[in-house]
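J.: With the sequence shown counted from 1, adding 11 to any position gets you this note's numbering.
For every residue, glycine included, the Cβ atom is placed at its ideal position computed from N, Cα and C.
Keep in mind it's a predicted model, so treat the numbers as computed, not measured.
What follows is a single structure, and I will ask about it in a moment.
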Amino acid sequence: MEAQATVASRKGKEFLLSECYVSVQGESSLVGLPTIFVRLYTCNLRCRWCDSMHAVEGGDFTRMGVDATVKKILRLAGDLQSDARGIRNLCWTGGEPLLQGESIARAIERLPETFVHSIETDGEIDLSTFDALVPDERASGRVRYVMDVKCPGSGMVANKAYANLERLREHDEVKFVLLDRADYEFARSVLSKVDTRARTVLFSPATPAHKVSHGLDPGQLASWILDERLPVRLQLQLHKLIWPGRERGI
């Protein structure tokens with residue numbers, strides 16, 4: 012793919028930036044917190060229910076150097092001089108952000124240490140490569156993964172996710188997007204077979220998007236979780252409840 016080839020040739024120098032904005036975090040254990048989102052363009056997967064295809068295909072991105080991106084993030088963060096002001100939660104998303112991992116690592120080096128970085132990854136990029144770029148930040152929890160494990164309903168196959176689950180740490184999170192009962196059974200099986208230190212496991216019902224015309228009823232998913240007493244967190248996408256019908260800037 013042309014975009015991925017461009018990323019490979021410009022490692023650590025610039026971003027293929029889809030959008031950069033401030034919103035309310037709609038997912039993960041940080042749900043509800045004001046957050047700066049850096050959505051990077053291009054992806055290694057093509058999930059059937061993807062709700063951000065504008066960051067996957069179509070060529071709608073801006074080339075932006077690492078330093079320029081850092082300046083943009085700091086402008087969006089606002090006043091960082093006071094503990095009572097400013098936004099310090101930063102979410103790297105996509106697409107697949109770790110395809111531009113070298114540039115992310117350089118940006119993290121240039122940003123204040125008060126920032127907490129969440130990296131939303133699809134689970135099919137070897138996490139050890141990025142871990143080696145930011146070892147101190149990973150150890151301290153300033154850089155945390157929210158990692159998907161792709162269920163059958165996504166149309167993708169989880170391969171590297173199993174090894175990546177074993178690399179996760181206590182401050183990381185695991186997410187399963189579930190389209191139906193078969194996906195639920197798959198997720199439950201993965202959790203029973205693979206050890207992970209991640210303390211937060213998210214079960215998120217798929218919503219209609221891209222090639223999926225129907226989603227999983229949240230009430231049905233809640234019933235399955237409660238009936239089986241699973242120690243997981245039911246996650247609804249808060250931003251879609253606040254801004255229904257919008258695809259960008261949320």
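(1) Would you give the residue range spanned by the alpha helix (DSSP H) that Thr140 belongs to?
(2) Would you kindly work out how many angstroms separate the C-alpha atoms of Glu177 and Ile98, rounded to a whole number?
(3) Taking the beta carbon of Gln92 as the centre, do at least 16 other beta carbons fall within 10 Å, making it buried, or is it exposed?
(4) Going by DSSP in three states, Met167 sits in which element: helix, strand or coil?
(5) Please find out if some non-hydrogen atom of the ligand NAD comes closer than 8 Å to the beta-carbon of Val77.
(6) If we call anything under 9 Å between Cβ atoms a contact, is Cys31 one with Asp133?
(7) What are the complete beta strand (DSSP E) segments, minimum 3 residues, inside the segment 63-139?
(8) Please check the pair Gln111 and Phe48, which I expect to be a contact at CB under 8 Å, by giving their CB distance rounded to whole angstroms.
(9) I think Leu179 touches Arg153, with their Cβ atoms under 8 Å apart; what is that distance to the nearest whole Å?
(10) Check Pro216 in the structure and name its three-state DSSP category.
(11) Measure the alpha-carbon distance for Glu38 versus Gly69 and round it to whole angstroms.
(12) For Ala255, does the three-state DSSP call read helix, strand or coil?
(13) Which same chain residues, not among the five before or five after Arg257, have their C-beta less than 7 Å away from its C-beta?
(14) Closest to Lys161 by C-alpha separation, out of Ile136, Asp183, Arg117, Glu239, would be which residue?
(15) In the structure shown, what three-state DSSP assignment does Ser40 receive?
(16) Are Ser63 and Arg50 close, meaning C-beta to C-beta below 9 Å?
(17) Between Lys22 and the rest of its own chain, which residues show a CB-CB distance below 6 Å, the 5 nearest in sequence each way excluded?
(18) To the nearest angstrom, report how far apart Ala193 and Glu124 are at their CA atoms.
(19) So for Leu179, helix, strand or coil by DSSP?
(20) Give every residue of the same chain whose Cβ lies closer than 8 Å to the Cβ of Val205, excluding the five residues on either side of it in the sequence, and list them in chain order.
(21) Please give the ranges of any alpha helix (DSSP H) in the segment 190-247, keeping only runs that are unbroken, at least 4 residues long and fully inside the region.
(22) Quick check on Tyr156: does DSSP put it in helix, strand or coil?
(23) Just reading off the beta strand (DSSP E) that Tyr32 is part of, what are its end residues?
T.: The structure says:
(1) Unbroken alpha helix (DSSP H) run through Thr140: 138-144.
(2) Each residue's CA atom was taken as its position, placing Glu177 and Ile98 some 31 Å apart.
(3) When all chains shown are included, Gln92 counts as exposed.
(4) It is coil, neither helix nor strand.
(5) Summarising the ligand content, the structure contains no ligands, and the ligand NAD is consequently not present.
(6) No.
(7) Secondary structure in the segment 63-139: the beta strand (DSSP E) runs of 3 residues or longer, each lying completely within the stretch, are 73-76, 100-104, 127-132 in chain order.
(8) Contact doesn't hold; Cβ gap of about 15 Å is too wide.
(9) With 8 Å as the limit, Leu179 and Arg153 do not qualify as a contact, their Cβ atoms being about 15 Å apart.
(10) The DSSP-derived three-state label of Pro216 is strand.
(11) Going from the Cα of Glu38 to the Cα of Gly69 covers about 26 Å.
(12) Inspection of the sequence shows that residue 255 is occupied by Pro rather than by Ala. Looking at Pro255 - three-state DSSP - the assignment turns out to be coil, as it is neither helix nor strand.
(13) Apart from the 5 residues on each side of it in sequence, Arg257 has no Cβ closer than 7 Å to any other Cβ in its chain.
(14) Considering only alpha carbons, the answer is Ile136.
(15) Coil, per DSSP.
(16) Against a cut-off of 9 Å, the Cβ pair of Arg50 and Ser63 comes out as a contact.
(17) The answer, listed in chain order, is Glu113.
(18) Cα atoms of Ala193 and Glu124: separation of roughly 42 Å, rounded to the nearest angstrom.
(19) DSSP places Leu179 in coil when its eight states are reduced to three.
(20) So the list reads Tyr173, Leu176, Glu177, once near-sequence residues are dropped.
(21) Taking only runs of at least 4 residues, the alpha helix (DSSP H) segments lying wholly in the segment 190-247 are 192-204, 229-238.
(22) Three-state result, Tyr156: strand.
(23) Judged by DSSP secondary structure, Tyr32 falls within the beta strand (DSSP E) whose first and last residues are 25-35.
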